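Residue numbers (my numbering), protein chains in the order written: chain B, 1 to 81; chain F, 1 to 403.
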């Protein structure tokens, strides 16, 4: 398993509604995880490890900086079946 | 190293081929102090610097220095959101955020498609037309008028204000010497637009239900804009809402038709229109550079920047920075959306109309390429509007062969 997968296992994503501009760049880049109505919303509880890289890239690219990634609890995650 | 690098963005020659200037700027003069026609300004060319500056609105402000005297009838009035920082900016932006959000914009798709087809019905019959004014300009002006709830039939008037405004408004941000003529022109546009808008604001009940202008006028009392803010915000929405998107569509067609293999690819697969829009945004951004103002003195790449100096962030250069993009000078409509492209800016001032511009660009291109067999450029080097803040065409005459 790659390093990206390992890190991705505990990935949680939040969007700050006061910062989000609703421009929809995240939905464009990563529609599996982000959905934008008036502001962005995260569709999933945990990010599928396969999407970890794209989610990090999307968070970096967010023009308003509204997307935050929480990786601190990855150690507690159970191994993948 | 001898400083033989001279980059004057007010020189029309530069814009015939700005890319070697940007390449040299990125490599040798990442912060370049202008010594000639510009106001006290420093240009930045690299992607990393551009992003860092645009994200830091506290150090690099969008507000206009008080001594530029632009509050009465000038840029302050037409600039609205563009020339204030948080918290004012946040408050103003929240009034229009919903109307331009991705969800709202998706609901405009059918309208934009209908407009594009209606316009093309007439233009394809004519065969020869100006792709900037007659197609892209008409489509984008009618769209933004419709969203605001104003008569789409006023699009020619809107386009005229836009064309006059685009050159003059951005020039006044860059030039060293005051240009009274440009200032007067901006004043005239604002007073004409204000008079036009006041008629509609006065009878908001007559505006279409759910339209943006009606909802701005009829907002709850505690949530209402002042009459000045209302006019300024509406004027900005109207002007910004069609100038840049017009350039996007026209720039896409020019860039495609200069590369027959790319034009063929889009015609064979019109679904590539969305991706072609992304690549055009990167390759030839409608707004090549945007100004900021230093709120304190600082040093950037060895260049000293004083408080109140202008910083010009060259989006067009950042988008072709090889430190970020592979083969940046190759135009490839299959490249798709790139998270690094910063044609809509970055940070709190990121273009409000981003989802709408993408939608209009995609539909505008898709309908045009679906309904034509060939597009012939009648002027291979169409004349440009020379103003650092816009990369617009004076005209883009074409002859089309309908399907």
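Virtual Cβ for every residue (Gly too), placed ideally from N, Cα, C. Since the structure is predicted, the reported quantities are computational estimates derived from the model, not experimental observations.
Nearest CB-CB separation between residue 102 of chain F and chain B: below the 8 Å threshold. By the neighbour-count criterion, in which a residue is buried when 16 or more other Cβ atoms sit within 10 angstroms of its Cβ, residue 30 of chain B is buried. Taking all protein chains shown into account, residue 70 of chain B has fewer than 16 neighbouring C-beta atoms within 10 Å of its C-beta and is therefore exposed. Pairing residue 26 of chain F with residue 46 of chain F gives a Cβ-Cβ distance under 8 Å. Within chain F, the residues 339, 340 have their CB atoms less than 8 Å from the CB of residue 61 of chain B, given in chain order. Partner residues in a beta bridge of residue 191 of chain F, as assigned by DSSP, do not exist. When B:51, B:38, B:47, B:49 are compared, the shortest CA-CA separation from residue 103 of chain F is found for B:38. The CB of residue 241 of chain F never comes closer than 7 Å to any CB in chain B; the least such distance is about 15 Å. When secondary structure is reduced to three states using DSSP, residue 161 of chain F falls in the helix class.
Annotation for residue 41 of chain F: the continuous beta strand (DSSP E) segment containing it runs 41-44. Taking C-beta atoms under 8 Å as the contact rule, residue 140 of chain F and residue 360 of chain F qualify, at a distance of about 6 Å. Cβ proximity to chain F below 8 Å picks out 27, 28, 29, 36, 37, 38, 39 from the region 26-45 of chain B.
Of all residues in the region 302-325 of chain F, none has a C-beta nearer than 8 Å to a C-beta of chain B. Using a 10 angstroms sphere on the CB of residue 13 of chain F, the tally of other CB atoms stays under 16, which defines it as exposed.
Contact annotation, residue 41 of chain B with residue 15 of chain B: C-beta distance approximately 7 Å; criterion of less than 8 Å satisfied. Three or more beta-carbon pairs separated by less than 8 Å link the region 18-28 of chain B to the region 349-364 of chain F, which places the two stretches in contact. Under the three-state reduction of DSSP output, residue 32 of chain F falls in the strand class. Taking a cut-off of 8 Å for Cβ pairs, the region 289-298 of chain F and the region 51-59 of chain F touch, as three or more such pairs fall below it. For the pair residue 61 of chain B and residue 16 of chain F, the CB atoms are not nearer than the 8 Å cut-off. Along the region 355-377 of chain F, going in chain order, the ones with a CB nearer than 7 Å to a CB of chain B are 355. Taking the Cα of residue 35 of chain F as reference, the smallest distance to any Cα among F:5, F:270, F:48 is reached at F:5. The residues 112, 113, 116, in chain order, have a CB closer than 6 Å to that of residue 363 of chain F in the same chain once the five nearest residues on each side in sequence are set aside. Residues 16 of the same chain have their beta carbon placed closer than 8 Å to that of residue 381 of chain F, with the five preceding and five following residues left out of the count. In the structure shown, the three-state DSSP call for residue 130 of chain F is strand. Bridge partners of residue 401 of chain F according to DSSP: F:374. Residue 287 of chain F sits close to residue 390 of chain F, with the two beta carbons spaced by under 8 Å. Only residues of its own chain outside the window of five on either side were considered, and among them 306, 307 have a CB closer than 6 Å to the CB of residue 297 of chain F, listed in chain order.
The region 210-230 of chain F makes no contact with the region 246-264 of chain F, as fewer than three CB pairs between them are under 8 Å. For residue 70 of chain B, no CB of chain F lies under 8 Å from its own CB, so it is not counted at the interface with that chain.
For a Cβ distance threshold of 7 Å, residue set 21, 23, 63, 64 of chain B lies close to residue 350 of chain F, ordered along the chain.
Counting every other CB atom within 10 Å of its CB across the protein chains shown gives residue 183 of chain F a total of 16 or more, marking it as buried. In terms of Cβ geometry, residue 8 of chain F and residue 30 of chain F do not form a close pair [threshold 8 Å]. Taking a C-beta cut-off of 8 Å against chain B, the contacting residues of the region 78-100 of chain F are 93, 97, 98, 100, listed in chain order. Counting the other CB atoms within 10 Å of its CB gives residue 304 of chain F a total below 16, which places it among the exposed residues.
In the three-state DSSP reduction, residue 358 of chain F falls in the helix class (H, G or I). With a threshold of 8 Å between beta carbons, residue 344 of chain F makes contact with chain B.
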